[in-house]
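Participant:
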Amino acid sequence: MTDDRDVLRDVWFGRIPTCFTLSQDEITEREAEPYYLLLPRVSYLMLVTDKAKKHFQKVMRQEDVGEMWFEYEGLPLKWHYPIGLLFDLHASNTALPWNIIVHFKNFPETELLHCLTKDAVEAHFMSCIKEADALKHKSQVINEMQKKDHKQLWMGLQNDKFDQFWAINRKLMEYPTDEGGFRYVPFRIYQPLNERPFIQKLFRPISGDGQPHNLGDLLKEMFPAAVTPEDMEKQYQVVIHGIEPMLETPLQWLSEHLSYPDNFLHISIIPLPRD
Amino acid sequence: MADAENDRGPSAEGDAEARSPGGSAAPPDSSAAPVAEEAQADVKKKINVLLKAVGDTPMMKQKKWTVERVRTIQGLSQFIKKFLQVEATEQLFIYVNQTFAPPPDQDVGTLYECFGSDGKLVLHYCKSHAWG
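Below, the structure is given as structure tokens:
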């Protein structure tokens, strides 16, 4: 279906205008100008910020440059979360550009994972894909693929090549015709400022009696407060890729079209501000 | 992301009572805010973990452990390293289903929910990349 493929493209090419500013704490030889970038929603901070890094390093002495890390409004940003998720979770309803502070020292050991090379990003990305397939297909599809196919998924993401990525990823979106959908849907539900990293449980896209589940069904099970009864005031926004999909959207369709390249549906539940 | 529990680590099977301070079975609840009964019980419950060594990584003498649901993979990794007397700076990879390595901040409770079987979560650990 042409429309559905357009959705895949829209998701892949989503961008967030971002302004990177060097932290006041950093020692510079001269003033650092802010650096502007359009960040791909589906990628990871450590994959797409080489130019920003070089820009700031130009005004610093080599010995003052430690491991780079990012912060938004005092919160260290986890590089192993996709960029779009970080934005939806922490900066959804703020004015653009997204203002991120760049640090090169005082790495927050207890809050962030180290990311010394792009290999770390690749390892994490591939692990997520494998975990997703364990849920969808008992790992059968991912295990049947050759190493070069796995590499193609990574290269497609790294080089922003939609066709290269989806040539392989489409196989991970297939399911036996008599099943109606995946075995379980890979999803994670996040809330800003929560102690638990995320909610992830087993949930079937098709119920026992063959009825397709929708987003509302998933939320009723995992986060009932996000499904507001008709006569009550809405308390939460349920955001995926910067939009609030209708609760009637079939979960199988969401999984196939709105998952991130890591094959997970990363769902942000944001409390609406109280007046 | 910091681990909330104290450093006494996962309890050995059958040893849970003995290792808790004051001999009580459950840690005192310090939270003043009212929490639904069910949610409180969920967070306090422990799950059974079976640890298996891969390749030439040293085996743990004790393989079965009960671990708090909120224990992270990173916390578990640190515990295994201490137990095996592996340097804290050395890498230790933990795998589920002999297929994927969960992110270090994921909690074992979630992994047990999704990938546990026969009442336990089987985790393989290795000092090098075992399954890519």
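Each protein sequence line maps, in turn, to chains A and E. Position in the first sequence (from 1) plus 30 gives the number in our numbering. Position in the second sequence (from 1) plus 968 gives the number in our numbering. C-beta: ideal position from N, C-alpha, C; glycine also.
1. Taking C-alpha atoms, which residue in A/ASN173, A/GLN267 and A/GLN194 lies nearest to A/LEU183?
2. Run down chain A in chain order and give the residues with a C-beta less than 7 Å from the C-beta of E/GLN1074.
3. In this structure, how does DSSP classify A/CYS145 when only helix, strand and coil are distinguished?
4. Report the neighbours of A/ALA164 on chain E: residues whose CB is nearer than 9 Å to its CB, in chain order.
5. Assuming A/SER213 is part of the beta strand (DSSP E), what are its boundary residues?
6. How should E/LEU1079 be labelled, buried or exposed, when 16 other C-beta atoms within 10 angstroms of its C-beta is the threshold for buried?
7. Apart from the five residues on each side of it in sequence, which residues of its chain come closer than 6 Å, Cβ to Cβ, to E/LYS1088?
8. For a contact defined as C-beta to C-beta under 7 Å, what are the partners of E/THR1078 on chain A?
9. Using the beta-carbon count (16 or more within 10 Å), is A/LYS88 buried or exposed?
10. Quick one: does A/SER169 have its CB under 9 Å from some CB of chain E?
11. For chain A, find out if any of its Cβ atoms is closer than 9 Å to the Cβ of E/LEU1044; answer yes or no.
12. Determine, for E/VAL1101, whether the minimum Cβ-Cβ distance to residues of chain A falls below 9 Å.
13. Between E/VAL1054 and chain A, is the shortest Cβ-Cβ distance under 9 Å, so that the two count as touching?
14. Check the Cβ of E/PRO1071 against every Cβ in chain A and list those closer than 7 Å, keeping chain order.
15. Considering only C-alpha positions, which residue in the set E/PHE1047, E/THR1025, E/PRO1026 and E/GLY1023 is nearest to E/THR1034?
16. Just the Cα atoms here: how many angstroms apart are A/CYS145 and A/PRO280?
17. Please confirm whether E/PHE1061 and E/ALA1021 have their CB atoms less than 9 Å apart.
Facilitator: Well, looking at it:
1. Here the closest residue by C-alpha is A/GLN194.
2. Neighbourhood of E/GLN1074 in chain A, by CB distance below 7 Å: PRO227, in chain order.
3. In the three-state reduction of the DSSP assignment, A/CYS145 falls in the coil class, being assigned neither a helical nor a strand state.
4. Neighbours of A/ALA164 on chain E, chain order: VAL1064, ASN1065, THR1067, PHE1068, CYS1082 and PHE1083.
5. The sequence shown places Arg at residue 213 of chain A, rather than the Ser named in the question. Counting along the chain, A/ARG213 sits inside no beta strand (DSSP E), nor does DSSP assign it H or E at all.
6. Buried, since its Cβ has 16 or more Cβ neighbours within 10 Å.
7. Cβ neighbours of E/LYS1088 beyond the five flanking positions: ASN1016 and LEU1018.
8. Think of a sphere of 7 Å around the beta carbon of E/THR1078: the chain A residues whose beta carbon falls inside it are GLN230, in chain order.
9. Of the other Cβ atoms in all chains shown, fewer than 16 fall within 10 Å of the Cβ of A/LYS88; this residue is therefore exposed.
10. Cβ-Cβ to chain E under 9 Å: yes for A/SER169.
11. Answer no: the Cβ-Cβ gap between E/LEU1044 and chain A never drops below 9 Å.
12. Given a span of 969 to 1100 for chain E in the structure shown, any question on residue 1101 of chain E remains unanswerable.
13. Taking Cβ atoms only, chain A never reaches closer than 9 Å to E/VAL1054, which makes this a no.
14. Here the neighbours are HIS110 and HIS154.
15. Looking only at E/PHE1047, E/THR1025, E/PRO1026 and E/GLY1023, the smallest Cα-Cα distance to E/THR1034 is reached by E/PHE1047.
16. Their backbone Cα atoms lie some 36 Å apart in a straight line.
17. Against a cut-off of 9 Å, the Cβ pair of E/ALA1021 and E/PHE1061 comes out as no contact.
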